[in-house]
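Each remark here refers to the structure printed beneath this line.
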Amino acid sequence: MIRRNFAWRGVAVLGAACLALGACSNDGDTPETGSSSAPAAAGGDGVFKVGTLLPQTGSLAFLGPPEFAGVDLAVKEINAAGGVLGKDAVVSDTDSGDTSTDIASQSVNKLLAEKVDVIIGAASSSVSLSVIDKITGAGVVQISPANTSDKFTTYNDKGLYYRTAPPDTLQGRVLGDLVVADGNATVGLLVLQDAYGTGLAKSVRAAVESGGGQVVAEEVYDPKAADFSAEIGKIKEANPAAIVLIGFDETKKIVPKLVEVGLTAKAKKWYFVDGNLSNYGKEFPNGTFEGAKGTLPGAKTSDDFQKKLLEVDPALKDYSYSAESYDATILAALAAEAAKSDAPADYSKQLAAVSKGGEKCTTYQACKDLLAAGKDIDYDGVSGPVEWNDAGDPAEATIGIYQYGADNTYKNVSYQTGKI
């Protein structure tokens, strides 16, 4: 992976040490209080410091490479355009892990000690809920490229939390409409027990029922469970026409059980979400996922953008949330330019402003030039127009619909754009 011009970069992989100590469990969705022992962040030193809190390990580790690549590409282009406030932006990478460990909290402590100006992450909504008070309590901006839980819309974040992914009200609506449009009168939901899973399930259910369908079973499961037979058994007993699986990496354990009891993708229509829409390939026998569909927030990424990502990380296999990570980083840098300060207390007031309402621009260089000329800007990114509202949510967004082939990999079918 190319690391050009990143003079200040730390990489924290805390999982192994954490697990070895045997003291890294948490309660999943429970937010930390603002009385953290982590040092308060001090901004405004003239160097724009980006910290990443993204999954190198854990149940969303497959999302890490494209998200890191998106941040790295953004910083590469920012520095090629003269940096932020006349100096190169710098990056420090850390692991967010998942809610089965305390990795995220340790990573945030590290980033705050390094006095970063923005933290890009986490990918998991539950992980972000566990550290958002620590980050915003320290006066640091947090921008997630992948949090979709509805809880963040009304969260007391001191005006410092933003996201470039849409809340699940939109993904749930698109997925529920898709299930009904495919002719499924009855639906079974297998749902991860966390803020993301239950929140998305609520939106899917509402869309299915408003479209005339019926949810005949909704089984919420513990992702750390050794076996999912009981939940799958209840889904089988309800005999739905379609099964919506809302989860993360534990999907790899659930799918064989579905097949074992005859609930195959051919017998029932399977639907996945952004948390488990992955190219499973040879991890499963050919045809296991054939015909299954899924949804993933994000507009179509251009071939040129993907090519640039591959220049940053030649091993990249997936592009999920790369555009959202890129846009989050670009917008934070533009806000600092607009505020003429890298202090989060200053530039956070410009975040929404640079995303909407001014002269449109689509690159850091073009937007920076407009700001230098005294213009108000409206950055439209590779993930979409963004246009943050007062809650720090995108005002509108795009959801991609995908379908699996016989090789257990997915391809795009269409895109649906809607207001939040």
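Here the sequence shown stands for residues -25 to -1, 1 to 395, numbered as in mature numbering (1 follows the signal peptide of the UniProt record, and there is no 0).
Quick reminder that beta carbons are idealized off the backbone N, C-alpha and C, glycines included.
Fill in: Gln81 burial status per 10 Å Cβ neighbour count (16 or more: buried)
Numbered from its first residue, the sequence shown carries residue 81 at position 106. Answer is buried; the Cβ neighbour count reaches 16.
Fill in: Start-end ranges of the beta strand (DSSP E) lying completely within the segment 237 to 304, minimum 3 residues
Runs of beta strand (DSSP E) with 3 or more residues, each lying fully within the segment 237 to 304, are found at 244 to 247 and 268 to 272, listed in chain order.
Item to complete: Determine the contact status of Tyr171 and Thr139, defining contact as a CB-CB distance below 9 Å.
Response: Here residue 171 corresponds to residue number 196 of the sequence shown, with the count starting at 1. Here residue 139 corresponds to residue number 164 of the sequence shown, with the count starting at 1. Not in contact: Tyr171 and Thr139 (Cβ atoms no closer than 9 Å).
Discussion item. Distance check for Thr128 and Asp63, CA to CA, integer angstroms please.
Written reply: Taking the sequence shown and counting its residues from 1, the one referred to as residue 63 is at position 88. Taking the sequence shown and counting its residues from 1, the one referred to as residue 128 is at position 153. CA-CA distance, Asp63 to Thr128, rounds to 33 Å.
Fill in: Supposed contact pair Leu104 and Gly147 - C-beta distance, whole angstroms, cut 8 Å
The count along the sequence shown starts at 1 and reaches residue 147 at position 172. The count along the sequence shown starts at 1 and reaches residue 104 at position 129. Cβ atoms of Gly147 and Leu104 stay farther apart than 8 Å, at about 18 Å.
Practice prompt. Starting from Asn84, follow the alpha helix (DSSP H) in both directions and report where the run begins and ends.
Written response: Translated into positions along the sequence shown, residue 84 becomes position 109. Per DSSP, Asn84 belongs to the alpha helix (DSSP H) from Ile78 to Ala88.
Item to complete: For my contact list, Asp70 and Gln31 are in at a C-beta cut-off of 8 Å; report their separation, rounded to the angstrom.
Response: Position 95 of the sequence shown, counted from the first residue, corresponds to residue 70. Position 56 of the sequence shown, counted from the first residue, corresponds to residue 31. 4 Å between Cβ atoms; contact.
Worksheet item: Would DSSP call Leu233 helix, strand or coil?
Response: Translated into positions along the sequence shown, residue 233 becomes position 258. Helix.
Practice prompt. For Ser100, name the three-state secondary structure that DSSP assigns.
Written response: Mapped onto the sequence shown, residue 100 falls at position 125. Ser100: helix per DSSP, three-state reduction.
Practice prompt. Out of Gly186, Ser119, Lys386 and Lys177, point me to the one whose CA is closest to Asp293's CA.
Written response: Your numbering for residue 293 matches position 318 in the sequence shown. Measuring from the Cα of Asp293, the nearest candidate turns out to be Lys386.
Practice prompt. Please report the residue range of the alpha helix (DSSP H) in which Asp68 lies.
Written response: Position 93 of the sequence shown, counting from 1, holds the residue named residue 68. Looking at the DSSP string, Asp68 is not in any alpha helix (DSSP H); the run it does join, the beta strand (DSSP E), is Val65 to Asp70.
Worksheet entry | Own chain residues within Cβ distance below 6 Å of Gln391, not counting five before or after | Locating residue 391 in the sequence shown gives position 416, where the first residue counts as 1. The beta carbon of Gln391 sits closer than 6 Å to the beta carbons of Val149 and Ile374 from its chain, once the five residues preceding and following it are set aside; these are given in chain order.
Fill in: Contact set for Ile53: own chain, Cβ-Cβ below 6 Å, skip 5 residues either direction
One-based indexing of the sequence shown puts residue 53 at position 78. Cβ neighbours of Ile53 beyond the five flanking positions: Ala64, Ala308 and Tyr339.
Worksheet item: In whole angstroms, what separates the C-alpha of Phe23 from that of Asn131?
Response: Within the sequence shown, residue 23 is the residue found at index 48, counting from 1. Within the sequence shown, residue 131 is the residue found at index 156, counting from 1. Taking the straight line joining both Cα atoms gives about 25 Å.
Discussion item. I need the DSSP call for Leu165, collapsed to helix, strand or coil.
Written reply: Taking the sequence shown and counting its residues from 1, one reaches residue 165 at position 190. In this structure, Leu165 counts as strand in the three-state DSSP scheme.
Worksheet item: Are Trp363 and Ala341 close, meaning C-beta to C-beta below 9 Å?
Response: Your numbering for residue 363 matches position 388 in the sequence shown. Your numbering for residue 341 matches position 366 in the sequence shown. Not closer than 9 Å, so no.
Worksheet item: With a CB to CB cut of under 7 Å and the five nearest residues on each side skipped, what residues in its chain are close to Glu155?
Response: As a working note, residue 155 is residue 180 in the sequence shown. For clarity, residue 155 is Val in the given sequence; the question names Glu instead. Excluding the 5 residues flanking it on each side, Val155 has same chain C-beta neighbours closer than 7 Å at Val183, Gly186, Gly187 and Gly188, in chain order.
Worksheet item: Just the Cα atoms here: how many angstroms apart are Thr270 and Phe223?
Response: Numbered from its first residue, the sequence shown carries residue 270 at position 295. Numbered from its first residue, the sequence shown carries residue 223 at position 248. Computed Cα separation, rounded: 14 Å.
Worksheet item: Going straight from the alpha carbon of residue 402 to that of Tyr322, what length do you get?
Response: With the chain covering only -25 through 395, there is no way to say anything about residue 402.
Item to complete: Assign Thr337 to one of two classes, buried (16 or more other C-beta atoms within 10 Å of its C-beta) or exposed (fewer than that).
Response: Stepping through the sequence shown from its first residue, residue 337 is reached at position 362. The residue in question, Thr337, is exposed, as its Cβ has fewer than 16 Cβ neighbours within 10 Å.
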